[in-house]
Amino acid sequence: MAKAEKPAKNALVIVESPAKARTISKYLGAGYTVEASIGHVRDLPHGAKELPEQYKNEEWSYLGVNVNENFDPVYIVPAGKKAQVTKLKKLLKEADELYLATDEDREGEAISWHLQELLQPKVPVHRLVFHEITKEAIMTALASPRQIDDGLVRAQETRRILDRLYGYEVSPLLWYKVRPRLSAGRVQSVAVRLIVERERERMAFHSATYWDLVGTFIADGKKFNAVLTEADGQKIPSGKDFDTTNGKLKNPGVMLLLDEAGANGLLERLQSAQFSVETLENKPYTNKPAAPFTTSTLQQEANRKLGFTARHTMRIAQSLYENGHITYMRTDSTNLAEVAIDAARDLVKSEYGADYLPEKPRVYASKVKNAQEAHEAIRPAGHPFQKPEALKGTLNNDEFRLFELIWKRTIASQMADARGFRIAITLAGGGAKFYVSGKTIEFPGFLRAYVEGSDDPDAELADRETLLPSMKQGQPVDKDLFEPKSHTTQPPSRFSEASLTRSLEEMGIGRPSTYASIIDTILDREYVFKKGTALAPTWLGFAVAKLLEEHLPNLVDYQFTAKMEDDLDAISRGEAEQNAYLKEFYFGHNEHGLKETVQAKIKDVDARVVNSISLGKPESGEFQDDVVVRVGRYGPFVEQGERRGSIPSDLAPDEVTLTKALELLEKAALGDEPLGSDPETGRPVFIKTGRFGDYVQLGLLEADEDSKEKPKNASLMKGMQAGDVTLEIALKLLSLPREVGVHPESKEPIIAQNGRFGPYIKCGADTRSLGDVSPLDVTMEQSITLLSQPKTGGRGRAAPKEPIKTFDASPVTEEPIKLLEGRYGPYLTDGQSNASLPKGVTVEEVTFDQAVILLAERAAKSPPKKKKKAAKKKATAKTATAKKATAKKAAKKKTTTKKATKKKSTSAGAEEAKPKKEKPIKDKW
């Protein structure tokens with residue numbers, strides 16, 4: 036182990052996160068102050084409010100990048116990071132050396148560069164790089180620091196600028212032609228296209244039904260099943276033999292398509308047949324272990340095996356890395372360091388025995404194109420490796436499960452092959468043939484430690500044996516029974532997070548380290564929604580994909596996007612020139628670059644065509660117009676001529692068939708016919724279908740049309756169906772809120788109503804949830820009983836709740852960070868900022884470091900809060916006003932005199948998504 040040089044008397048070490056800072060500080064000890072930057076400290080401005088005053092009148096100001104001068108970006112310190120930057124500057128004044136110990140990838144290299152540019156240190160600066168946070172790795176890095184790698188910085192800088200240009204130029208086209216506040220992105224738009232194309236395949240799919248027989252046979256006194264594969268010289272089809280576009284056999288002449296009657300007829304005929312073994316093959320097989328994890332394969336396998344989202348996997352892996360349990364989790368490499376191979380082989384020998392250890396270490400070829408990326412796979416940190424059981428008391432459940440997965444995969448990668456035999460048997464008799472296969476494991480090898488998962492949850496894993504009785508060719512076998520089986524072909528499966536990640540990686544699109552944020556983005560933009568574990572596109576996603584495919588095809592072309600990744604890698608290696616590449620992309624040749632193309636499309640694109648998806652024309656019926664789905668500003672709807680009907684939000688596009696669309700139109704037409712009239716007002720009462728389900732409506736009379744009054748709506752109660760709603764029930768729903776009675780003690784009226792979070796009663800300021808009791812039926816006695824019980828949640832002034840968790844003091848506010856239960860779910864607070872927990876994150880798994888980052892991100896998005904100065908008791912109103920005016924004037928002066936830094940910069944995010952619409956779009960052109 037390399038020994039560190041004599042530590043500086045007062046060295047400042049800057050890392051990204053507080054957790055990483057705590058872990059490293061344990062190894063460095065006295066003489067070193069370890070502080071976190073809390074992620075990026077500088078970024079491109081988001082909107083006009085963040086843009087420095089001197090650039091606001093520039094024609095390129097909305098981009099935050101000077102496209103006329105070498106694509107130089109304007110860089111600012113986000114509001115939420117100013118306090119931390121001030122703290123770092125103060126610490127640097129007391130230091131005689133600066134160590135930048137951010138992560139070893141492009142993003143980390145860029146953060147170090149930004150810190151150096153921002154802090155302007157006058158002391159020696161060193162770049163520390165390590166692949167794992169162990170004492171040995173830290174001491175080795177300290178003994179051999181390097182300079183900031185300009186190639187990595189330039190690579191990330193170019194990626195950031197490219198994504199900003201793509202996002203900020205293309206997104207307004209979506210605002211004009213589809214819906215405001217949408218976004219486009221270099222990788223996210225391609226991901227949406229992939230998901231939409233898969234849905235189109237599902238929509239075009241025609242299912243087919245076929246029958247076969249499953250026979251139960253007996254050999255050597257044991258029963259086994261075999262499947263019919265041939266009858267009377269014709270093969271029995273399987274799913275792959277059908278054309279997906281029409282549901283018909285691809286080769287009908289050589290295939291026997293059985294229906295139920297045909298299957299039963301064949302069954303009867305085979306009852307008297309004699310069967311024997313026609314062919315028997317017994318071939319040895321060898322399975323090799325999978326390579327150690329990369330970022331992508333870890334996300335995929337955690338999704339399959341553990342049900343984790345890509346975001347959740349990366350969050351847990353980040354925590355494991357920063358606490359010294361695994362190596363760096365953003366890597367494309369499958370390579371293992373020699374010490375790691377030795378550690379794995381030692382464990383194989385001690386845990387499983389010498390038979391499980393191959394003669395030579397296994398070496399896995401890396402697919403990394405850029406030699407400056409991380410050079411090792413994800414594995415347990417240090418050597419020897421910590422065993423999972425040793426960490427069970429220090430890790431939460433999800434951390435333990437992910438660490439165990441990484442540990443097993445790493446160990447298995449250095450284990451012997453699994454060996455066995457695959458047996459294939461054909462049984463013949465009565466003009467029919469049946470097939471059965473089996474597998475025996477002679478030596479499990481790496482399967483003792485790890486079995487790779489599958490995208491198909493019903494598929495058998497590789498460690499399962501299928502044992503068959505002993506047989507030989509020509510041997511007679513007894514039949515027990517035959518059972519006809521019906522099969523229906525299935526459309527291609529939608530992408531899961533795992534399969535989308537794999538497809539993007541295989542196509543060379545994007546970076547595995549950004550896939551989690553890409554999936555989050557397309558879900559947040561509502562281009563895609565989760566249907567179980569699958570990613571289904573929305574109709575909004577269809578419209579966006581259609582616009583980009585038809586009018587900006589290069590930007591969502593798979594090969595073009597993959598080539599962009601190669602080009603960006605070439606820039607990082609110094610093989611291509613940054614400004615020339617950006618100029619070609621943005622301005623192009625003969626005004627055919629991104630800017631001119633988008634400007635032309637804003638004038639040319641027909642928004643109505645873009646937002647229309649045809650479902651076809653009915654073959655019969657009163658209405659013969661085409662049926663189309665239209666994507667409106669307030670949701671999708673079906674349209675046929677003058678008829679319209681809302682599409683429920685839980686229906687995936689492939690479920691909106693022509694038949695279903697006609698049903699929705701008929702239902703909407705019925706909604707135009709009233710159930711009856713309200714006896715009090717004479718107004719019509721309707722049952723209607725909207726984007727979020729069925730509801731009842733009290734319409735207006737002709738005399739009301741000139742008034743500003745709107746029809747009154749009421750949602751159906753939980754469990755109600757539209758067909759069950761009568762005029763009487765509709766009037767009851769519209770009567771809500773209703774007065775149940777007057778409370779005998781408070782004399783306040785008790786009101787029952789159906790709210791956003793379910794039915795409840797209210798008495799004064801006091802509320803109680805009704806649970807399963809209908810607000811239409813709740814009695815006075817039930818209401819009084821509920822109000823007398825302690826409040827368990829919801830509205831009302833209850834006593835302040837104890838925090839769910841209390842963390843250490845925030846490095847920004849120096850106040851304890853608390854995790855509290857709010858009206859809309861758990862949230863974090865540091866006394867100044869509040870941040871909700873991301874989707875899929877439970878209160879149990881939130882760590883201090885995650886809390887700091889979430890609060891910092893929230894603070895960066897919000898304008899800084901003005902500090903309130905407490906007035907002295909004897910101060911007059913005039914004095915207080917004067918103080919405020921003075922403070923305001925000083926603040927204004929400070930703002931206008933502060934100089935903005937204009938440097939080449941790096942992104943804080945994976946991909947630019949959406950510019951804030953600070954000004955009318957026309958001003959930007």
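Counted the way my numbering counts, the sequence shown spans residues 36 to 960.
Using N, Cα and C, we set each Cβ at its ideal position, and we do this for glycine too.
Exercise. Between Ile168, Leu123, Phe165, Glu142, which lies nearest to glutamine 155 when the distance is taken from Cα to Cα?
Worked result: Leu123
Problem set entry | aspartate 185 - DSSP class collapsed to helix/strand/coil | helix
Exercise. Buried or exposed: which applies to glutamine 508, given that a residue is buried once 16 or more other Cβ atoms fall within 10 Å of its Cβ?
Worked result: exposed
Problem set entry | Candidates Arg529, Leu705, Gln756, Glu93: closest to alanine 687 by CA position | Arg529
Problem set entry | Cβ shell of tyrosine 201 (< 6 Å), same chain only, five flanking positions each side left out | Arg221
Problem set entry | C-alpha distance - glutamate 85 paired with serine 52, whole-angstrom precision | 25 Å
Problem set entry | Supposed contact pair tyrosine 97 and tyrosine 211 - C-beta distance, whole angstroms, cut 8 Å | Their Cβ separation, rounded to whole angstroms, is 15 Å, which puts tyrosine 211 and tyrosine 97 out of contact at 8 Å.
Problem set entry | C-alpha gap between aspartate 641 and leucine 587, whole angstroms | 14 Å
For this session: Report the three-state DSSP secondary structure of phenylalanine 721 (helix, strand or coil).
Result: strand
Exercise. Proline 861 lies in the beta strand (DSSP E); which residues open and close that run?
Worked result: 860–864
Exercise. Do glycine 23 and alanine 378 have their C-beta atoms closer together than 9 Å?
Worked result: In this structure the chain extends from 36 to 960, so residue 23 is not present and cannot be described.
For this session: If I'm right that tyrosine 550 touches serine 712 with Cβ under 8 Å, what's the distance once you round it to whole angstroms?
Result: Tyrosine 550 to serine 712, Cβ: 57 Å. No contact.
Exercise. With C-beta atoms as the reference, is methionine 815 less than 9 Å away from glycine 776?
Worked result: yes
Exercise. Alpha carbon to alpha carbon, what distance is there between serine 868 and threonine 931?
Worked result: Unreliable positioning characterises threonine 931 in this predicted model, as indicated by a pLDDT of 35, which lies under 50. The coordinate reading is nonetheless provided below. C-alpha separation (whole angstroms): 26 Å.
Problem set entry | Spatial distance of proline 272 from serine 242 (CA atoms) | 14 Å
Exercise. How about the region 698–706 and the region 674–686: do they share at least three Cβ pairs that are nearer than 8 Å?
Worked result: yes
Problem set entry | Where tyrosine 201 falls: helix, strand or coil (DSSP) | helix
Exercise. Does the region 576–591 come close enough to the region 148–162 that 3 or more CB-CB pairs lie under 8 Å?
Worked result: no
For this session: Below 7 Å CB to CB, which residues in the same chain sit around alanine 266 once its five sequence neighbours on both sides are set aside?
Result: Leu291, Leu301, Gly466, Ala467
Exercise. DSSP three-state call for isoleucine 73: helix, strand or coil?
Worked result: coil
Exercise. Can you tell me the Cα-Cα spacing of isoleucine 888 and valine 112, whole angstroms?
Worked result: 16 Å
Exercise. Helix or strand or just coil, what does DSSP make of leucine 733?
Worked result: strand
Exercise. For the beta strand (DSSP E) that contains glycine 670, what are its first and last residues?
Worked result: 670–675
Exercise. Smallest Cα separation from isoleucine 839: which of Asp729, Pro851, Leu855?
Worked result: Leu855
Exercise. If we ignore side chains and look at the alpha-carbon of each, how far apart do leucine 503 and valine 262 end up?
Worked result: 14 Å
Exercise. Measuring CB to CB, does valine 120 end up less than 9 Å from leucine 79?
Worked result: no
Exercise. Can you tell me whether DSSP reads methionine 290 as helix, strand or coil?
Worked result: strand
Problem set entry | Nearest-angstrom Cα separation, counted from methionine 450 out to leucine 8 | Here the chain covers residues 36 to 960 and nothing more, so residue 8 does not appear.
For this session: Taking the CB atoms as reference points, tell me whether leucine 972 and leucine 135 lie closer together than 9 Å.
Result: Since the first residue of the chain shown is 36 and the last is 960, residue 972 is not available in this structure.
Exercise. Pairing CB atoms from the region 336–349 with CB atoms from the region 139–153, are three or more of them under 8 Å?
Worked result: no
Exercise. With which residues is arginine 162 paired in a DSSP beta bridge?
Worked result: Leu135, Arg181
Exercise. Touch check for the region 779–789 and the region 803–813: three-plus C-beta pairs under 8 Å?
Worked result: yes
For this session: Could you tell me the distance, in whole angstroms, from the CA atom of alanine 49 to the CA atom of threonine 193?
Result: Per the sequence shown, residue 49 should be read as isoleucine rather than alanine. The straight-line gap from Cα to Cα measures roughly 25 Å.
Exercise. By DSSP, does alanine 425 sit in helix, in strand, or in coil?
Worked result: helix
Exercise. Of the choices Glu674, Pro683, Leu629, whose alpha-carbon is the least far from that of serine 649?
Worked result: Glu674
For this session: Go ahead and label glycine 576 buried or exposed: buried means 16 or more other beta carbons lie within 10 angstroms of its beta carbon, across all protein chains shown.
Result: buried
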